Amino acid sequence: MRAPNQEVAIAVMGATGSGKTSSSSSTSYPKLLPTEHKMRAPNQEVAIAVMGATGSGKTTFINLASGSRLRVGRGLQSCTGTIQVAQPFQLDGRSVTLIDTPGFDDTTRSDTDILKMIAQYLAVAYQNKHRLHGVIYIHRISDNRLGGVSRRNFKMFRELCGDTSLKNVIIATNMWGEVDLSVGEAREAELAREDMFFKPVLEKGAQLLRHENTLASAQALLRTILDNHPIPLRIQHELIDERKNIAQTAAGEELNREFIEQERKHREEMAVLKQEMQEAIQARDHETRKELEEEQRKLEKEMARVHQDSQKLASNYNEEKARLEERLQEVSQRSKQEADRAAAEHHRRIHDLETKLDAASNASAQEKEAMRREMNDLRSRVSAPKGGFFSNLGRAIDGLFGMA
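At position 92 of the sequence shown the residue is numbered 92 (UniProt numbering), and the sequence of numbers has no breaks.
Next up, the structure:
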């Protein structure tokens, strides 16, 4: 039996622009047994995170499922920039919260900032004994292959999740309307069977499902997570239980490996530029020399940025997390005060309408019905799901990082 109005928080992950949506099973991999979905602690919030690359359709999926109006980017331009939390909504008698996360190819923030933001959000939630019931990773089936950006996003996603939480992971393919069905099915089969794609996570319990860009499809996908037993992600375990610095986590080490590789490539490019510059000087080719000098300045700027991001990963994490916790307390207190004021005002208005209705012996049937409708509307607002812990945490982190 489900406890009424339990908040279900679902974080949706995936590449930006993947269009995360509902689905039907598309592989023969075993699904979780029903008994694994039925164990639910009373009054437990259920959180679902949505992840994916920029432009994958994460925000579009969340808005469709929740009826929210979170900002949606266009094309490969990110509009999220920070973590967005949808307004809680009811599904099968449960209060569900979807958490929108930016991709690691975000056009407004560095990968270091994205990792620190997601890590802080997840760490503070876990520290306060709030766990995700599942993670949805959105992937565009319209993509010809799992390219460099998508593969990199999925690699970071794997490092964030680890292995033990994969049975609570859904890989949702979307944008099926943009490809011929036979082409989409062939890509889906390749993603499921290849070791370099999704096969390793499917073998560890993740599910590969389709989202058909309809509300029914989105709800069907969410129902596969609704009754999960919450399991902490690897990065939550690393940061809180093992007390690791963010640079020591699997995700942090993966990002640092990328920085090292970028720096190596930059050094090679700089060596080539210097050689070409020397040749241009000897040949007295002033036009080519100017072009090479401009390329060198750009490369030096990029090298400085990569070095700065690498240094920033290991610095100030604990201080930033402490500020987030302080901000969370402020937001939670203010949210409670606002909710109490709104409830008091609604109750006052309901009481006034009841008194007016009792005294309205001469009122027309239409007037009485209008008053009853207004009372029912006010009662619905009082009993409607309110933003819980995950919503407050989202507002707190937005206050620190700000909307891009």
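Using N, Cα and C, we set each Cβ at its ideal position, and we do this for glycine too. Owing to the predicted nature of the structure, the values given are computational and were not obtained by experimental measurement.
Put simply, of R140, L313 and G52 the residue whose alpha carbon is nearest the alpha carbon of A251 is L313. With a threshold of 16 other beta carbon atoms within 10 Å, A365 falls short and is exposed. Assignment of M277 by DSSP, reduced to helix, strand and coil, places it in the helix class. Scanning its chain for C-beta atoms nearer than 7 Å, with the 5 sequence neighbours on each side dropped, one finds around R327 the residues A396, G399 and L400, in chain order. Residue range L215 to L226 is occupied by the alpha helix (DSSP H) that includes Q219. Beta-bridge pairing by DSSP links N245 to no other residue. DSSP, read as helix, strand or coil, puts L70 in coil.
One thing to note: V149 has its Cβ within 8 Å of the Cβ of D105. The shortest C-alpha to C-alpha distance from E194 to any of L215, L146, D100 and A363 is the one to L146. For the alpha helix (DSSP H) assignment, the uninterrupted runs of no fewer than 4 residues enclosed by the segment 167-213 are, from N- to C-terminal side, 181-193 and 199-203. Contact holds between the segment 89-104 and the segment 48-59, because three or more Cβ pairs, one in each stretch, are under 8 Å apart. The beta carbon of Q84 lies closer than 6 Å to those of L70 and D100 in the same chain, with the five residues before and after it left out. Between the C-alpha atoms of P102 and E369 there is a straight-line separation of about 47 Å. Around Y126, the same chain offers P232, Q236 and I240 as residues with beta carbons nearer than 7 Å, after the five sequence neighbours per side are excluded. When DSSP reads this structure, Q296 sits in no beta bridge, so it has no partner. Counting of Cβ neighbours within 10 angstroms places N213 among the buried residues, the total reaching 16 or more.
Note on geometry: alpha-carbon atoms of R289 and A280 lie some 6 Å from one another. Our two residues, L215 and S68, have alpha carbons roughly 13 Å apart in a direct line. For R94, the beta-bridge partners assigned by DSSP are L91. Note that the C-beta distance between E295 and L324 is not below 8 Å. A contact between stretches requires three or more CB pairs, one per stretch, nearer than 8 Å, and the segment 131-139 meets this requirement with the segment 161-170. Setting aside the 5 residues that flank it on each side, V331 is surrounded in the same chain by N392, R395 and A396, each with a C-beta closer than 6 Å to its C-beta; the list follows chain order. Contact between L299 and E269 holds: CB atoms are separated by about 6 Å, below the 8 Å threshold.
Pairing E254 with E374 gives a Cβ-Cβ distance that is not under 8 Å. In this structure, P88 and G388 form a Cβ contact; the two beta carbons are roughly 7 Å apart against a cut-off of 8 Å. Here DSSP, grouped into helix, strand and coil, assigns L146 to coil. Relative to the Cα of H351, the nearest Cα in the group I118, R379 and K204 belongs to R379. In the displayed model, L233 falls within coil according to three-state DSSP, outside both helix and strand. At least 8 Å separates the beta-carbon of L115 from that of A172. Under a 10 Å Cβ-count criterion, G93 is classified as exposed, with fewer than 16 other Cβ atoms of the shown protein chains found around its own Cβ.
The count of Cβ pairs closer than 8 Å, one atom from the segment 180-196 and one from the segment 52-61, stays below three, leaving the stretches out of contact. R140 sits away from M196, with the two beta carbons spaced by 8 Å or more. By the criterion of a C-beta distance shorter than 7 Å, P230 is surrounded in its chain by R131, L132 and H133, once the five residues flanking it on both sides are discounted. Where I114 is concerned, the enclosing alpha helix (DSSP H) starts and stops at D111 to Q127.
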